[in-house]
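Peer 1:
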Amino acid sequence: MPVSIGKFDNRSSYMRGVFSDGVDHVGSQAKTILVTSLQQSRRFAVLDRDNLGETRQEASFSKTVQSIRGARYVVTGDVTEFGRKEVGDHELFGILGRGKTQVAYAKVSLNIVDTTTSEVVTSSQGAGEYSLSNREVIGFGGTSSYDSTLNGKVLDLAIGEAVNHLVEQVDAGALQAAK
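Reminder that position 15 of the sequence shown reads as 15 in UniProt numbering, one-by-one numbering, no gaps.
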C-alpha cells in the first residue's frame, strides 16, 4: 500500500529550550528512521517526497518523464517523550570503583491519515529505553564519555515498536475498513 510521510515533530521538551538552535534534530532523525522501518515492514510502499527535486533532475538527465505515484494515506508522527540521564554508583566510597550508566528513553506516536477525508484512520504508539554502562575498578577502565548514538538507538526501538503495532492493525484490516 503506498504511503507518504508527513510531519514528524519533536513534541518532547528535549532540545527545545532557550539555547537550542531551532532545528528539530530529533524529529528529523525520527522521520528518517520511520521511512526505513515502514519500508522494511514490507506492508507499505513508502513514497519519497523529500527528494522530488533530485529525482526530477535525474529523470531529466535520462530523458524520461516522471510518473509520480499518489498516496491514499499519509503517515504522521510525533516524538512525545524523550530524555537522557546518567546514573552512577560507588564501591566502598569510590575507592574500589565506580560505575556510570547512560540511559535514554523515547516514546513516539504514529497516525495514518486518509488523504481524501483527512481522517486519522489508525494510530499506534511505541516506546524504547536504551542504556550504556561503564565501570571503573581500582582506577582501571571507565573511559567512556557521552554517547550521542543513544538518541538514534532509542528512537529506533520506539519507532520499531510503533510500526509493529501499525503492521498488526493493517494485517487485521484497519485500512480496508476505512475505504
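Using N, Cα and C, we set each Cβ at its ideal position, and we do this for glycine too.
Count the other CB atoms within 10 Å of the CB of S62; is the residue buried (16 or more) or exposed (fewer)?
Peer 2: By one-based count along the sequence shown, residue 62 stands at place 62. So S62 counts as exposed.
Peer 1: Just to confirm, is the Cβ distance from F8 to T76 under 8 Å?
Peer 2: As a working mapping, residue 8 is identified with position 8 in the sequence shown. As a working mapping, residue 76 is identified with position 76 in the sequence shown. In this structure, T76 lies closer than 8 Å to F8 by Cβ.
Peer 1: Tell whether a beta-carbon distance below 8 Å holds between G99 and S133.
Peer 2: Taking the sequence shown and counting its residues from 1, one reaches residue 99 at position 99. Taking the sequence shown and counting its residues from 1, one reaches residue 133 at position 133. A contact, by the Cβ cut-off of 8 Å.
Peer 1: By Cβ distance below 8 Å, which residues in the same chain neighbour Q66 in space, the five residues on each side in sequence not counted?
Peer 2: Counting from 1 along the sequence shown, the entry for residue 66 is found at position 66. Contacts found: T55, R56 and A59.
Peer 1: Going by Cα to Cα distance, which pick from K31, H25, V3 and S4 is closest to S109?
Peer 2: Walking along the sequence shown from the start, residue 109 turns up at place 109. Nearest of K31, H25, V3 and S4 to S109, Cα basis: K31.
Peer 1: Over the uninterrupted beta strand (DSSP E) stretch that includes Y7, give me the two end residues.
Peer 2: Reading the sequence shown from its first residue, position 7 is the one you call residue 7. First, the residue type needs correcting, since residue 7 is Lys and not Tyr in the sequence shown. It spans P2 to N10 - the beta strand (DSSP E) in which K7 sits, taken as one unbroken run.
Peer 1: Taking Cβ positions, are V121 and R43 nearer each other than 8 Å?
Peer 2: The sequence position of residue 121 within the sequence shown is 121, counting from 1. The sequence position of residue 43 within the sequence shown is 43, counting from 1. No; because the gap between Cβ atoms is not below 8 Å, this pair is not in contact.
Peer 1: For a test of the three-state rule: what should DSSP assign to V163, helix, strand or coil?
Peer 2: As a working mapping, residue 163 is identified with position 163 in the sequence shown. Correct three-state label for V163: helix.
Peer 1: Kindly indicate which three-state DSSP category I57 falls into: helix, strand or coil?
Peer 2: Taking the sequence shown and counting its residues from 1, the one referred to as residue 57 is at position 57. Residue identity differs from the one stated: residue 57 is Gln in this sequence, not Ile. Reduced to three states, the DSSP call for Q57 is helix.
Peer 1: When you compare only the Cα positions, how much space is there between S37 and N164?
Peer 2: Within the sequence shown, residue 37 is the residue found at index 37, counting from 1. Within the sequence shown, residue 164 is the residue found at index 164, counting from 1. Rounded to whole angstroms, S37 to N164 spans 9 Å at the Cα level.
Peer 1: Would you call A71 buried or exposed, if buried means 16 or more other Cβ atoms sit within 10 Å of its Cβ?
Peer 2: The residue you call residue 71 lines up with position 71 of the sequence shown. Under this definition A71 is a buried residue.
Peer 1: Is the distance from the Cβ of D156 to the Cβ of I33 below 8 Å?
Peer 2: Here residue 156 corresponds to residue number 156 of the sequence shown, with the count starting at 1. Here residue 33 corresponds to residue number 33 of the sequence shown, with the count starting at 1. Against a cut-off of 8 Å, the Cβ pair of I33 and D156 comes out as a contact.
Peer 1: Identify which residue in N10, S12 and S123 has its Cα closest to the Cα of D114.
Peer 2: Walking along the sequence shown from the start, residue 114 turns up at place 114. Minimum Cα distance to D114 is reached at S123.
Peer 1: Please state whether DSSP places D156 in a helix, a strand or coil.
Peer 2: The residue given as residue 156 occupies position 156 in the sequence shown. D156 falls in the helix class under three-state DSSP.
Peer 1: Using a beta-carbon distance below 8 Å, is H165 in contact with chain D?
Peer 2: Note that chain D does not occur in the displayed structure, where there is just one protein chain.
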